[in-house]
Every structure is written in structure tokens, then in C-alpha cells.
Amino acid sequence: MAACLLCSSPRSIGVLCTTHGVAIASPGITSEQIFSRMTSATAALVDAWGVAHAVSDGAKIGRDPRVDVAVLHASVSSEHATIQLVDGAWHLVDNSSRNGTEVEGTRVTDAVLAGGNTVRLGDVKFYFWPEALPKMEPPRGSGRTAPTRRDELVFSAKVTTPRGHLLDLRQRVDGGVLRIAESSIELAAMEFGLLQLLVERRRMVTDAELAYVAWHEIADALSFRSVQADSENVRELVHRVRRKLASVAADDLIESKRGVGYRLAGEPG
1 MAACLLCSSP RSIGVLCTTH GVAIASPGIT SEQIFSRMTS ATAALVDAWG VAHAVSDGAK
61 IGRDPRVDVA VLHASVSSEH ATIQLVDGAW HLVDNSSRNG TEVEGTRVTD AVLAGGNTVR
121 LGDVKFYFWP EALPKMEPPR GSGRTAPTRR DELVFSAKVT TPRGHLLDLR QRVDGGVLRI
181 AESSIELAAM EFGLLQLLVE RRRMVTDAEL AYVAWHEIAD ALSFRSVQAD SENVRELVHR
241 VRRKLASVAA DDLIESKRGV GYRLAGEPG
């Protein structure tokens with residue numbers, strides 16, 4: 001049996017042993033919310049499921065599904081960090097992310113990476129490996145997102161609204177769709193991103209009072225590319241999504257509290 005990438009123990013989780021996989025496990029994320037779009041690799045980020053995600057010089061990592069390595073988690077900024085190869089040494093550069101970047105437990109802005117280093121982006125951890133590793137499919141199971149084609153679907157959720165309606169949210173690269181009974185509405189990328197962020201935060205906490213997301217967190221997580229986003233930009237985005245939700249009688253899905261932020265009023269499945 002092949003040995004763990006980082007020690008002599010047998011592999012039991014992808015390229016890792018159980019101990020090394022558990023050591024970087026992150027709450028509130030499934031294996032299929034992490035994926036690489038890179039077709040050629042010279043290095044890899046290995047997640048808690050032992051799946052290697054291809055990276056090379058200049059690879060951008062973040063929450064935006066369009067970056068080179070997407071990490072679809074509320075704690076990760078839209079373009080969180082960049083991997084660079086400088087004079088033969090690998091570097092991890094933080095792109096002014098909201099929740100920071102760490103290497104071996106130390107917060108960094110630009111750090112040299114060695115093989116086996118633990119990397120943390122927001123709340124999500126990886127191991128860095130300075131060589132390309134074979135591509136493999138992530139594990140799938142109950143409660144995980146399970147796209148059949150990753151370029152079409154990367155996140156899905158079912159939510160019960162306060163009025164008892166069951167909503168089905170499905171993301172695509174260019175946005176997403178919300179279905180309720182026989183009706184559906186199309187959502188642009190930022191509109192869907194707002195709902196995804198609220199769903200993820202609600203899943204992460206047991207106390208609904210802690211599920212509010214502040215406007216600056218929303219501005220950082222989503223791709224307000226044309227302006228330096230402020231509270232008014234976020235408020236307008238929320239109003240736009242609420243207007244669309246009202247067309248399918250789901251305008252009670254987003255709840256706001258002045259001075260605190262926004263939260264998912266329903267229960268995610």
C-alpha cells in the first residue's frame with residue numbers, strides 16, 4: 001500500500017493518511033467546494049480529503065468560481081491569495097484578504113513555501129506540495145454537493161423559508177437558479193453569491209443570532225469589481241435579490257438587522 005504523502009503511514013484519504021487528513025479538516029465545507037481549473041500543474045494544494053488541486057506559477061486562489069483554484073467557503077475572499085515561483089522558490093502571497101493567510105500557523109503577507117507546509121486561507125487548510133500530483137475525483141456522499149459536470153454546477157442547497165416553502169438553489173459559473181414548486185428565477189453571479197454566503201454562514205453556526213453577515217464581509221467575499229464596494233452597494237444588491245425572490249413568494253428569505261448585517265431567515269437542508 002502506498003505511503004502517505006507526508007509520512008510513512010499507509011494512505012487512507014486520497015494521498016494522505018487519516019491523521020494528516022483530520023489535522024487540516026475544516027468545518028462547513030465539502031470536498032466538491034474546492035476545485036482547480038488549471039490544466040497544467042507544477043505543484044499542488046492537498047485538501048483534507050487527500051485530493052490534490054493543481055497549481056502553477058501565478059495561480060490565484062479564492063472564493064470566486066472563476067479563479068484558478070476555487071475555495072467556495074464564506075471565510076475565503078474572492079481572490080484570497082496567489083502562488084508564485086520566484087527564483088526557484090515557491091511563495092504564497094496574500095491579496096489583502098479579509099480573514100488572512102497563514103503558513104505553518106503564522107499569518108503572512110508573502111511567505112516561502114516548503115513541501116508539506118500547512119497553508120490556511122480563512123478557515124480552510126491545505127498542504128502545499130512542490131510537485132505535480134495525479135488528478136483524482138473528490139469523495140461524494142450524503143450532504144455533499146455532487147455536480148455531474150463541474151463547469152456547470154459547483155454548489156447546491158435546499159432551504160425551507162419561514163413561510164414553509166422549499167427552495168432549491170443551484171449554482172452555475174455564470175450565476176445560478178432558484179426553484180420553488182413549479183417556478184424558478186435566474187440569478188446573476190453576485191446575486192447567487194450573496195445567497196450562497198448566507199447559506200454557508202447559517203450552516204456554520206448553531207445559534208441563528210450568530211448567522212448575520214456584516215456588509216463588509218459580503219463586499220469582500222463577492223466580486224464588486226467596478227467600484228470600491230461600500231454598505232450602499234451591498235444594500236442595493238440585497239434589494240435586487242429580494243425583488244427577484246418576491247416574484248416567487250420567497251421575499252422572507254433574507255433578514256436584516258440594522259448595524260449588524262444580513263442573514264438567511266430559512267433553514268438550510
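Just so you know, the working numbering puts 213 at position 213 of the sequence shown, and the rest follows in order with no gaps.
For each residue, glycine too, the CB sits at the ideal point set by N, CA and C.
Residue i - DSSP class collapsed to helix/strand/coil
i: V124; result: strand
i: G176; result: strand
i: K60; result: strand
i: H91; result: strand
i: S183; result: strand
i: R149; result: Model confidence at R149 stands at a pLDDT of 35, short of 50, so the residue's coordinates are unreliable; what they give is reported in the following sentence. Note: R149 maps to coil in three-state DSSP.
i: H80; result: coil
i: H239; result: helix
i: L5; result: coil
i: G143; result: Note that G143 scores a pLDDT of 38, beneath 50, so its modelled location is shaky; the value from the coordinates is reported in the next line. Residue state, collapsed to three classes: coil.
i: S31; result: helix
i: R98; result: coil
i: S231; result: helix
i: E267; result: strand
i: D252; result: coil
Sequence-distant residues of the same chain with beta carbon closer than 6 Å to residue i, five excluded per side
i: A211; result: R201, R202, V205 and R263
i: G175; result: L187, A188, A189 and F192
i: G122; result: S75, V76 and N99
i: T160; result: L166, G266 and E267
i: S97; result: S77 and H80
i: A70; result: F35
Close beta carbons around residue i, own chain, < 7 Å, minus the five adjacent residues each side
i: E79; result: K60, G62, D64, V67 and N95
i: L153; result: Any reading at L153 needs caution, since the residue's pLDDT is 44, under 50, leaving its predicted position unreliable; the model's value is listed next. Answer for L153: P147, R170, Q171 and R172, listed in chain order.
Boundaries (first-last residue) of the alpha helix (DSSP H) holding residue i
i: T18; result: T18 to A23
i: A221; result: W215 to A221
i: V199; result: A189 to M204
Neighbour-count burial assignment, residue i, 16 or more Cβ in a 10 Å radius
i: L45; result: buried
i: S36; result: buried
i: A25; result: exposed
i: L237; result: buried
i: D47; result: buried
i: H53; result: buried
i: S184; result: exposed
i: R120; result: buried
i: A7; result: Before going further, note that residue 7 is Cys rather than Ala in the sequence given. By the neighbour-count rule (16 or more Cβ atoms within 10 Å), C7 is not buried but exposed.
i: S14; result: A small correction: the amino acid at residue 14 is Gly; Ser does not occupy that position in the sequence shown. Its Cβ being crowded by 16 or more others within 10 Å, G14 is buried.
i: S247; result: exposed
i: S40; result: exposed
i: R134; result: Going by the sequence as given, residue 134 is Pro instead of Arg. The residue in question, P134, is exposed, as its Cβ has fewer than 16 Cβ neighbours within 10 Å.
Residue i - containing beta strand (DSSP E), residue span
i: D110; result: D110 to L113
i: V51; result: V51 -> no beta strand (DSSP E), and no H or E assigned at all.
i: L45; result: A43 to V46
i: A70; result: V69 to V71
Neighbourhood of residue i by C-beta distance below 8 Å, restricted to the same chain and skipping five residues each side
i: V260; result: Y212 and A214
i: D241; result: Here residue 241 is Val; the residue named in the question, Asp, does not match the sequence. Correct list, in chain order: L187, E191, L194, L195 and I254.
i: A249; result: R163, H165 and I180
i: D57; result: T42, I83, Q84 and L85
i: G21; result: S12, I13, G14, A48, W49 and G50
i: N117; result: V103, E104, Y127 and F128
For residue i, the residue or residues it bridges with in DSSP
i: V119; result: V103 and F126
i: G261; result: K257
i: T161; result: Note: T161 sits in no beta bridge, so no partner.
i: L167; result: V159 and I180
i: V86; result: A89
i: P10; result: A3
i: V36; result: According to the sequence provided, residue 36 is Ser. The question's Val does not apply to it. DSSP output for S36 lists V69 as bridge partner(s).
Proximity test, Cβ basis, 7 Å: residue i and chain D
i: V67; result: Protein chains in the displayed structure number just one, and chain D is not present.
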